[in-house]
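Only one structure is covered here, and it is reproduced in the block below.
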Amino acid sequence: MSATDNQQTVYYVAAGGVVIHQNQVLVLNRPGRNEIRLPKGHIDPGETAEAAALREVAEESGYTQLTIVADLGVQIVRFTTPSGQNVVRREQYFLMELASPTRDGAGEDQFEPLWLTCAEAEEQLTYEAEKEWVRRACAVINGRSAPNQTSR
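So our numbering is basically just the index in the sequence shown, starting at one, shifted up by 110.
Here is the structure:
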């Protein structure tokens, strides 16, 4: 039996956004971890997924003038942390439009907001699960697919 066999799996829910402005996608460069990510985070107790997604995008990017356009669906993501902790995360993502390109806040210091085309975002995102959200969002804005699909 390995050390990870005795560890409990951590389960949590998260929400995030694929923000589109002038046919570009907002991604966050996280140089400290050598990652390109979408904004997302934990859903706080009593908070809706929509409210959490809007809050997390604003906190991480500094952009606050956001409107949810579509529910992109739910995805279950499983991974093991560098310390060996097993994690199962239920992620719900929303397609968002940015009303103004002005950043109202500083965003978190660990993130540098970048605007990329759909193809660039899909290519540069670090994690496959997040690439799927960009594919869904770009399909919706290009009129190729209906949102609110669930994958596991």
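Even glycine gets a Cβ: it sits at the ideal position worked out from N, Cα and C.
Alpha carbon of residue i to alpha carbon of residue j, nearest angstrom
i	j	result
His131	Gly253	16 Å
Gln117	Ser210	45 Å
Ser193	Thr119	13 Å
Met206	Arg245	14 Å
Arg213	Val198	32 Å
Ile153	Arg188	17 Å
Gln195	Glu232	28 Å
Tyr203	Pro223	18 Å
Asn144	Cys228	20 Å
Leu182	Gln134	17 Å
Ile178	Thr191	31 Å
Tyr121	Gln175	31 Å
Ser261	Glu201	Unreliable placement is indicated for Ser261, whose pLDDT of 44 sits below 50; the coordinate value is still reported in the next sentence. Ser261 and Glu201: Cα-Cα distance of roughly 10 Å.
Gly142	Tyr237	16 Å
Ala156	Ala180	The displayed chain sequence assigns Gly, not Ala, to residue 156. Rounded to whole angstroms, Gly156 to Ala180 spans 22 Å at the Cα level.
Asn139	Gln220	8 Å
Val250	Thr158	23 Å
Glu160	Ala124	10 Å
Distance between beta carbons of residue j and residue i, contact taken as under 8 Å
i	j	result
Ala162	Gly151	7 Å
Leu226	Val167	Leu226 to Val167, Cβ: 16 Å. No contact.
Glu240	Arg147	6 Å
Residue closest to residue i, alpha-carbon to alpha-carbon, out of the options
i	options	result
Gln185	Gly126, Arg165, Val179	Gly126
Glu169	Glu157, Tyr121, Gly183, Pro149	Pro149
Leu235	Asp219, Val128, Glu160	Val128
Leu164	Asn139, Leu208, Val250	Leu208
Glu230	Glu160, Val123, Cys248	Cys248
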